[in-house]
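Per our numbering, the very first residue in the sequence shown carries number 154; after that it's consecutive.
Glycine is no exception: its CB is placed at the ideal position from the N, C-alpha and C atoms.
A short worksheet on the structure shown next.
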Amino acid sequence: MKRGLCTIVALAVLAIASAATGTPWYYSFQITGTLMNHPAQYSGIFTNAGDGTLEFTLNDAAWPDPADPGARFAYIWTTYFAGNYNGTTPGAEKWSGSILGTFTMSTSNAPTGYNGTLQGNINAKFTIRDLDADGILDDAEKYSIQYNMLDGRLSKSCAMPATGEMANKQGTGALNSNGFAFLYPPEINVLNGNGNLNLVACPSADEQSSWGSIKSLYR
Ligand SMILES: [Ca+2]
Numbered sequence: 154m155k156r157g158l159c160t161i162v163a164l165a166v167l168a169i170a171s172a173a174t175g176t177p178w179y180y181s182f183q184i185t186g187t188l189m190n191h192p193a194q195y196s197g198i199f200t201n202a203g204d205g206t207l208e209f210t211l212n213d214a215a216w217p218d219p220a221d222p223g224a225r226f227a228y229i230w231t232t233y234f235a236g237n238y239n240g241t242t243p244g245a246e247k248w249s250g251s252i253l254g255t256f257t258m259s260t261s262n263a264p265t266g267y268n269g270t271l272q273g274n275i276n277a278k279f280t281i282r283d284l285d286a287d288g289i290l291d292d293a294e295k296y297s298i299q300y301n302m303l304d305g306r307l308s309k310s311c312a313m314p315a316t317g318e319m320a321n322k323q324g325t326g327a328l329n330s331n332g333f334a335f336l337y338p339p340e341i342n343v344l345n346g347n348g349n350l351n352l353v354a355c356p357s358a359d360e361q362s363s364w365g366s367i368k369s370l371y372r
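Here it is as structure tokens:
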């Protein structure tokens, strides 16, 4: 590789690295919902470091109708959880299920840069503890709101819609909560948790075209 190109590439990597380290927003939330209803959705509000609404909806198009909760639960369990058992740590045996979907936020009174609306993707990973380590899901484990957890990974690409201070931004985040449980309607699961979001500016059309011309110089 030519030395000039090395320098340009190094500078470009530095520029991308610095642009990728935004100031994260750390918030708290309370959302309610259940996987046992259609849509499989949780929605609620921010309870700290901002106001507004938070909602995520999981891709449940193929799941059995909530009118047959037994069939719906069996499908969810077989599809996402049953094959993902981790018994390697004594005292922490668990099943994990990762379910994909989308999330939306509508915010105000959040730190600068995080006020507006945002749509993104979520990978919602639920953990169900096998409290007696027998490899069998017992009712006490299925319905336990004490030990089961949600670990949601958020991602927002430049192509997904956003408004206000969050327009033209991309980034990643997370939302975590204890208290997850499989509850049959009309019971509703309440999740109190914490999350973060780290947005950075999307590349402008100018930046994209100048980077394109740099590359074309060396083709
Ligand atoms: Ca068990």
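For residue i, the first and last residue of its enclosing alpha helix (DSSP H)
| i | result |
| --- | --- |
| Phe-226 | 222–229 |
| Ala-293 | 292–295 |
First and last residue of the uninterrupted beta strand (DSSP E) at residue i
| i | result |
| --- | --- |
| Asp-304 | 302–309 |
| Asn-190 | Note, Asn-190: premise wrong, no beta strand (DSSP E); not H, not E. |
| Leu-211 | 204–211 |
Contact belief for residue i with residue j at Cβ below 8 Å, rounded distance in angstroms
| i | j | result |
| --- | --- | --- |
| Ala-286 | Trp-178 | Between Trp-178 and Ala-286 the Cβ distance is about 38 Å, and since that is not below 8 Å, they are no contact. |
| Thr-231 | Asn-342 | With a Cβ gap of about 20 Å, Thr-231 and Asn-342 do not count as contacting. |
| Leu-336 | Gly-305 | No, Leu-336 and Gly-305 are not in contact; Cβ-Cβ is about 18 Å, not under 8 Å. |
| Tyr-233 | Gly-250 | 3 Å |
| Gly-266 | Leu-211 | No, Gly-266 and Leu-211 are not in contact; Cβ-Cβ is about 28 Å, not under 8 Å. |
Beta-ladder partner(s) of residue i, from DSSP
| i | result |
| --- | --- |
| Ala-354 | Lys-322 |
| Ala-327 | Arg-306 and Asn-349 |
| Phe-199 | Phe-182 |
| Ala-315 | Leu-271 |
| Leu-336 | DSSP output for Leu-336 lists no bridge partner at all. |
Segments of 4+ residues assigned as alpha helix (DSSP H) that fall wholly inside the stretch 213–284: Correct list: 222–229.
If you pair each beta-carbon of the stretch 251–270 with each one of the stretch 308–318, do three or more pairs fall below 8 Å? Counting Cβ pairs under 8 Å, three or more are found: they touch.
Contact between the stretch 272–279 and the stretch 290–300: three or more CB pairs below 8 Å? With the cut-off at 8 Å, the stretch 272–279 and the stretch 290–300 do not touch.
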